[in-house]
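Asker:
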Amino acid sequence: MTDPADPALLVAVPLVASVLPVAVEVVLSRPRWAWRVAVAAVAGYTGLVVVLSESALAGEPVRTVLGGFSVAYGIPLVVDGLSAPFLLLTAAVALGVLAAVRVDGPRSGPFLSLVLLLVAGVTGVAVTADVFNLYVFLEISGLASYALVAVADDGAAAVAALKYLLVGTVGASLYLLGVAYVYVAAGTLSVAALPGAFAGGLDGTLPVAAFALMTTGLAVKMALFPIHGWKPDAYAAAPGSVAALLSALVSTVAAYAVLRLLLSAFTVDLLRVAPLVRPALVTAGVVSIGAGSVLAVRTADVRRLLAYSSVAQFGIVTVGIALATPTGVVGVVVQLVGHAVTKAGFYLAAAALAAGYGVRTVDDYAGLAARTPVLAGAVGVLALGLVGIPPTVGFAGKLYVLLGALEGGAPIAAAAILASTLTSLVYFAPLLQRVFAEPVPDAVPRVGVTADGDRRSKLERATVGVVAGAAVLTLALGLGAAAFADLVAPTVEGVLG
Amino acid sequence: MSALSVLLARLPYVVAVLLVGLGLVTVVDDEHLVRKVVGLNVFQTGIFLFLVAAAVRRGGRSPNVARPGPYVDPVPQVLVLTAIVVGVSVTGVALALVVRIYYTYGSLREETVRAAMAAEGSGPSSTDREHPVDERSDERRADEFPAEDEFPADEEAPVDDEDRPDDDRLDTAGSGVNDR
Chain W
2 MTDPADPALL VAVPLVASVL PVAVEVVLSR PRWAWRVAVA AVAGYTGLVV
52 VLSESALAGE PVRTVLGGFS VAYGIPLVVD GLSAPFLLLT AAVALGVLAA
102 VRVDGPRSGP FLSLVLLLVA GVTGVAVTAD VFNLYVFLEI SGLASYALVA
152 VADDGAAAVA ALKYLLVGTV GASLYLLGVA YVYVAAGTLS VAALPGAFAG
202 GLDGTLPVAA FALMTTGLAV KMALFPIHGW KPDAYAAAPG SVAALLSALV
252 STVAAYAVLR LLLSAFTVDL LRVAPLVRPA LVTAGVVSIG AGSVLAVRTA
302 DVRRLLAYSS VAQFGIVTVG IALATPTGVV GVVVQLVGHA VTKAGFYLAA
352 AALAAGYGVR TVDDYAGLAA RTPVLAGAVG VLALGLVGIP PTVGFAGKLY
402 VLLGALEGGA PIAAAAILAS TLTSLVYFAP LLQRVFAEPV PDAVPRVGVT
452 ADGDRRSKLE RATVGVVAGA AVLTLALGLG AAAFADLVAP TVEGVLG
Chain S
1438 MSALSVLLAR LPYVVAVLLV GLGLVTVVDD EHLVRKVVGL NVFQTGIFLF
1488 LVAAAVRRGG RSPNVARPGP YVDPVPQVLV LTAIVVGVSV TGVALALVVR
1538 IYYTYGSLRE ETVRAAMAAE GSGPSSTDRE HPVDERSDER RADEFPAEDE
1588 FPADEEAPVD DEDRPDDDRL DTAGSGVNDR
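Those sequence lines, one after another, are chains W and S. Going left to right, the first sequence walks through residues 2 to 498 as my numbering numbers them. Going left to right, the second sequence walks through residues 1438 to 1617 as my numbering numbers them.
1) Could you give the residue range of the beta strand (DSSP E) that holds residue 78 (chain W)?
2) Nearest chain W C-beta to residue 1511 (chain S) closer than 8 Å, yes or no?
3) In three-state terms, what does DSSP make of residue 30 (chain W)?
4) Taking the alpha-carbon positions, what's the residue 1517 (chain S) to residue 130 (chain W) distance?
5) For residue 1566 (chain S) and residue 301 (chain W), I'd like the C-alpha separation in whole angstroms.
6) Using the C-alpha atoms, what's the distance from residue 1552 (chain S) back to residue 394 (chain W)?
7) Would you verify that the beta carbon of residue 1530 (chain S) is, or is not, closer than 8 Å to some beta carbon of chain W?
8) How about residue 425 (chain W) and residue 294 (chain W): are their beta carbons less than 8 Å apart?
9) Which residues does DSSP pair with residue 273 (chain W) in a beta bridge?
10) If we count the other Cβ atoms within 10 Å of its Cβ and call it buried at 16 or more, is residue 1514 (chain S) buried or exposed?
11) In angstroms with no decimal places, state the Cα-to-Cα distance between residue 369 (chain W) and residue 354 (chain W).
12) Are any of the Cβ atoms in chain S nearer than 8 Å to that of residue 413 (chain W)?
13) When burial is assigned at 16 or more other CB atoms within 10 Å of the CB, is residue 406 (chain W) buried or exposed?
14) Would you call the segment 108–125 of chain W in contact with the segment 56–63 of chain W, where contact means no fewer than 3 C-beta pairs closer than 8 Å?
15) Between residue 142 (chain W) and residue 126 (chain W), which are expected to be in contact by the criterion C-beta below 8 Å, what is the C-beta distance as a whole number of angstroms?
16) Just reading off the alpha helix (DSSP H) that residue 1537 (chain S) is part of, what are its end residues?
17) Quick check on residue 316 (chain W) - is its C-beta less than 8 Å from some C-beta in chain S?
18) Run the CB neighbour count on residue 1 (chain W), radius 10 Å, all protein chains shown included, and call it buried at 16 or more, exposed below.
19) Are the CB atoms of residue 178 (chain W) and residue 1485 (chain S) nearer to each other than 8 Å?
20) Could you tell me whether the Cβ of residue 1464 (chain S) comes closer than 8 Å to any Cβ of chain W?
21) Give a yes or no on whether the minimum CB-CB distance between residue 131 (chain W) and chain S is below 8 Å.
22) In chain order, which alpha helix (DSSP H) runs of at least 4 residues are fully inside the segment 143–213 of chain W?
23) Please decide whether residue 170 (chain W) counts as near chain S, where near means a Cβ-Cβ distance under 8 Å.
24) Given a threshold of 16 other Cβ atoms within 10 Å of its Cβ, counted over all protein chains shown, does residue 365 (chain W) qualify as buried or as exposed?
25) Anyone know if the C-beta pair for residue 486 (chain W) and residue 401 (chain W) falls short of 8 Å?
26) Below 8 Å between beta carbons: does that hold for residue 396 (chain W) and residue 479 (chain W)?
27) When you check each C-beta in the segment 172–184 of chain W against every C-beta of chain S, which residues fall closer than 7 Å?
28) Express the C-alpha separation of residue 239 (chain W) and residue 13 (chain W) in angstroms, rounding to a whole number.
29) Within a Cβ cutoff of 7 Å, which residues of the same chain sit near residue 318 (chain W), ignoring the five residues on either side of it in sequence?
30) Which residues of chain S have a Cβ atom closer than 9 Å to the Cβ of residue 151 (chain W), listed in chain order?
31) Between which residues of its own chain and residue 472 (chain W) is the CB-CB distance below 7 Å, once the five residues before and five after are set aside?
32) Examine chain S for any beta-carbon lying closer than 8 Å to the beta-carbon of residue 489 (chain W), and answer yes or no.
33) Would you call the segment 158–169 of chain W and the segment 224–243 of chain W in contact, with 3 or more CB pairs under 8 Å?
34) State the Cα-Cα distance for the pair residue 283 (chain W) and residue 1522 (chain S), rounded to the nearest angstrom.
35) With H, G and I counted as helix, E and B as strand and the rest as coil, what does DSSP make of residue 1467 (chain S)?
36) With 8 Å as the threshold, decide whether the Cβ of residue 1439 (chain S) is near any Cβ in chain W.
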């Protein structure tokens, strides 16, 4: 046993700790402690993630089988070079959001409990190597996100959360139906045992239908067009910190799950023996890129615009997954992590701007550079990151996926990715122009959150720090993209065989 | 006749497909929010039935129990048991949200709720300004919630008799739920 830590702790720590904030607040009546308990739990989780990722990225995957069963029957948890970036991302986003909500709120015990539950759920999706266990974690993270959307405590949030719940549960149930097909076809649910376990070969109706059902279910969580409808409603109705958390984690791990299923469970042989799978995935991705861009151009509310931009970004991810070339898959990982950091930062910035300055639409953003230079500068960097301008991480992710598309001989996909940069410029350029080139409109009073000015200035310090951190990370990940790709590449090549 | 006998031989699967289809149509098409949640449950039950039906093994034997059968594959049974727990949790959260929607908008009908949201300026279609998004709107209390008669769409919506008792029951039974 040279394992640095048991991967089961990664799920157990946030899951068990998720009881504490609400217990501390309700049972012990110590609301101030709830936040500290949550931070302590996430800090412990981060420590575990760092130790395990260090080993995994050094080429030594850490695995455990729950209950000591053999791999074919038990539930294995694996931290390898592919899941480690998503664990690090989860830890970083959770810490950032907790830092931002310390003053800015919401910071009630139930909210913090839900955050920990979400962390446990997305971690489970990232580390599990059992397709049914993945369903359970998908629903744990799903339940936490439905409740988090409704944290805003008004009717619009409840309607958005119910819509999200109905669509999300149908998606998860389709995934479960796919799991049933897998079990009928292969007789096992373990990702490690699945390759070669399909009795009639991979090109039978059952394996292809299973993959189609599972991918469709996960595509609902990724919010690919045309099943993206829950996303703008949910993200616009939720508090900014919740939108940041969900946009960074929920869709990202769903995309990771599709990638993991294709590479490790069904293996890339599926793309060869079932000729329809790759065109179907590429088409879904390209349509999402186009539709997301068109919808974003027509949107005035910045937070809805960001949600539609996610639809386009996950289209790029889907194209990269479909290519399944080493460069393309590395690009998918870079793109997913980069998008998560950038989008989370942008949502926190949008929330801070809405709370501090009362600006919500693209037109409202006029002259922000003069009013709040730091936030405006961060928004600029983050917008460039989403467009994909060097040296941001968005550029690196798109470049790798593009190279993967050329490598895999998919010119249409390559053209769509190039076009997505132009179309995202179409909706981010007006925003940047308003922020940096237009004067402050006359008679805009600086709207405070509360009458109490002290609280407002603290809000800026806490959230602005996190937003600036996200902007710096967007640049740093972009500049260090080659090193990042080198860390992930050996695992990807190993999985691709 | 032969087509019918083929279907009859696979009756559990046929029922599963019917339940999945029925549930999905209800989730998408029904405009009553509680019935949408019921539809979701029917949809999931269809999938559970599929799993249970797939577990049947003719002449199956147990590795460690001596008594004669019938035995089935235990794995799908366990999966369904877990999935039922998940489904119950989802239903609980869904109903909690439905209760909040009812107290905010005074209706469980999708159209009415949407009309009320549009009147409030926070409808999903309003992409323009005036999005009333106060990040910490704890001020909203029961006395602010609009009365039901403020919504003309409620009269326009076809109200069949079986719906009204639902609404009324929620009205009386849930009066303490509002402030959580």
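Where is the CB? At the ideal position from N, CA and C, for every residue including glycine.
Answerer: Straight from the coordinates:
1) Position 77 of the first sequence, counted from the start, is the residue given in the question as residue 78 (chain W). Start and end: 77–80.
2) Mapped onto the second sequence, residue 1511 (chain S) falls at position 74. It does not: the Cβ of residue 1511 (chain S) has no partner Cβ on chain W nearer than 8 Å.
3) Translated into the one-based positions of the first sequence, residue 30 (chain W) becomes position 29. Of the three classes helix, strand and coil, the one that applies to residue 30 (chain W) here is coil, per DSSP.
4) Your numbering for residue 1517 (chain S) matches position 80 in the second sequence. Your numbering for residue 130 (chain W) matches position 129 in the first sequence. So the two alpha carbons sit approximately 19 Å from each other.
5) Along the second sequence, one-based indexing puts residue 1566 (chain S) at 129. Along the first sequence, one-based indexing puts residue 301 (chain W) at 300. Bear in mind that a pLDDT of 33 at residue 1566 (chain S), under 50, signals an unreliable position, so the number given afterwards is only what the model happens to contain. Going by the C-alpha atoms only, they are around 8 Å apart.
6) To locate residue 394 (chain W), count along the first sequence from 1; it is residue 393. To locate residue 1552 (chain S), count along the second sequence from 1; it is residue 115. Approximately 42 Å, taken between the alpha carbons.
7) Residue 1530 (chain S) sits at position 93 when you count from the first residue of the second sequence. Yes, contact with chain W.
8) Within the first sequence, residue 425 (chain W) is the residue found at index 424, counting from 1. Within the first sequence, residue 294 (chain W) is the residue found at index 293, counting from 1. Cβ atoms of residue 425 (chain W) and residue 294 (chain W): closer than 8 Å.
9) For this step, residue 273 (chain W) is matched to residue 272 along the first sequence. Answer is none; residue 273 (chain W) lacks a bridge partner.
10) The sequence position of residue 1514 (chain S) within the second sequence is 77, counting from 1. The residue in question, residue 1514 (chain S), is exposed, as its Cβ has fewer than 16 Cβ neighbours within 10 Å.
11) For this step, residue 369 (chain W) is matched to residue 368 along the first sequence. For this step, residue 354 (chain W) is matched to residue 353 along the first sequence. About 9 Å.
12) In the first sequence, residue 413 (chain W) corresponds to position 412, counting from 1. Taking Cβ atoms only, chain S never reaches closer than 8 Å to residue 413 (chain W), which makes this a no.
13) What you label residue 406 (chain W) is simply residue 405 of the first sequence in a count that begins at 1. Burial call: buried.
14) no
15) Taking the first sequence and counting its residues from 1, the one referred to as residue 142 (chain W) is at position 141. Taking the first sequence and counting its residues from 1, the one referred to as residue 126 (chain W) is at position 125. Yes, they are in contact, since the Cβ atoms of residue 142 (chain W) and residue 126 (chain W) sit about 6 Å apart, within 8 Å.
16) Counting from 1 along the second sequence, the entry for residue 1537 (chain S) is found at position 100. Unbroken alpha helix (DSSP H) run through residue 1537 (chain S): 1511–1542.
17) Looking up residue 316 (chain W) in the first sequence gives position 315. With 8 Å as the cut-off, residue 316 (chain W) does not count as an interface residue toward chain S.
18) Nothing about residue 1 (chain W) can be read from this structure; chain W reaches only from 2 to 498.
19) Counted from its first residue, the first sequence places residue 178 (chain W) at position 177. Counted from its first residue, the second sequence places residue 1485 (chain S) at position 48. Result no, Cβ atoms of residue 178 (chain W) and residue 1485 (chain S) do not sit closer than 8 Å.
20) Numbered from 1 along the second sequence, position 27 holds the residue referred to as residue 1464 (chain S). Closer than 8 Å: yes.
21) Indexing the first sequence from 1 puts residue 131 (chain W) at position 130. Judged by the 8 Å Cβ criterion, residue 131 (chain W) is not in contact with chain S.
22) 156–187
23) Locating residue 170 (chain W) in the first sequence gives position 169, where the first residue counts as 1. Closer than 8 Å: yes.
24) Reading the first sequence from its first residue, position 364 is the one you call residue 365 (chain W). When all chains shown are included, residue 365 (chain W) counts as buried.
25) In the first sequence, residue 486 (chain W) corresponds to position 485, counting from 1. In the first sequence, residue 401 (chain W) corresponds to position 400, counting from 1. Closer than 8 Å, so yes.
26) Taking the first sequence and counting its residues from 1, one reaches residue 396 (chain W) at position 395. Taking the first sequence and counting its residues from 1, one reaches residue 479 (chain W) at position 478. Yes, Cβ-Cβ distance for residue 396 (chain W) and residue 479 (chain W) is below 8 Å.
27) 174, 177, 178, 181, 184
28) Taking the first residue of the first sequence as position 1, residue 13 (chain W) is located at position 12. Taking the first residue of the first sequence as position 1, residue 239 (chain W) is located at position 238. Near 27 Å, if we compare the C-alpha coordinates of residue 239 (chain W) and residue 13 (chain W).
29) The count along the first sequence starts at 1 and reaches residue 318 (chain W) at position 317. Hits under 7 Å: 256, 333, 336, 337.
30) On the first sequence, position 150 is the one that residue 151 (chain W) refers to. Ordered by position in chain S, the residues that pass the 9 Å Cβ test against residue 151 (chain W) are 1530, 1533, 1534, 1537.
31) In the first sequence, counting from the first residue as 1, residue 472 (chain W) sits at position 471. Around residue 472 (chain W): 346, 379, 382, 383.
32) Residue mapping note: residue 489 (chain W) aligns to position 488 of the first sequence, counting from 1. Chain S, which has no Cβ nearer than 8 Å to the Cβ of residue 489 (chain W), makes this no.
33) yes
34) The residue given as residue 283 (chain W) occupies position 282 in the first sequence. The residue given as residue 1522 (chain S) occupies position 85 in the second sequence. Spanning the two alpha carbons is a distance of roughly 36 Å.
35) For this step, residue 1467 (chain S) is matched to residue 30 along the second sequence. Note: residue 1467 (chain S) maps to coil in three-state DSSP.
36) Residue 1439 (chain S) sits at position 2 when you count from the first residue of the second sequence. No, because no Cβ of chain W sits closer than 8 Å to the Cβ of residue 1439 (chain S).
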